[in-house]
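A.B. asks:
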Amino acid sequence: KSIYTERETSTERYTERETERERQRGRQRERERDKDGDIQRDRGRHRERQSDIQRETELDRERETDTDRERDRERTEGDRERDRERTERDRKRDRERDRVKKCKE
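Okay, so the sequence shown: first residue is 821 according to our numbering, each after it adds one.
#1: Taking the C-alpha atoms as reference points, what is the distance between residue 830 and residue 841?
#2: From residue 918 to residue 911, what does the alpha carbon distance come to, in whole angstroms?
#3: For residue 921 and residue 890, I'd like the C-alpha separation in whole angstroms.
#4: My output table needs one value for residue 925: the three-state DSSP class, helix, strand or coil.
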């Protein structure tokens, strides 16, 4: 072989190696871009999930507040009923006491 053809072959091999390296770099960049895309997508999903959780929490609070109000209303109605009954009993007892006092006099 002549030096010229060896040099030519060496240059071809070098060029092929460089081309292959470029392809690998390109594939690596593509993988990184895909990975970045995945990360961005995951962040978006995480943000959506967080806002869904926050929305649910707010709805739960509203439901609890509504339930508390309803419970308070029921409690108040129950209290009023008990107060009425107690007042009625007290009046009856007072009337009975007054009647007994009048009888003794």
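Don't be surprised by glycine CBs; every beta carbon is placed ideally from N, CA and C. Bear in mind that the values here come from a model prediction, so they are computed numbers and not experimental data.
C.D. replies: Looking at the atomic coordinates:
#1: Per the coordinates, the alpha-carbon of residue 830 lies some 16 Å from the alpha-carbon of residue 841.
#2: Rounded to the nearest angstrom, the two C-alpha atoms are 10 Å apart.
#3: When rounded, the distance between both Cα atoms is 46 Å.
#4: Assignment of residue 925 by DSSP, reduced to helix, strand and coil, places it in the coil class.
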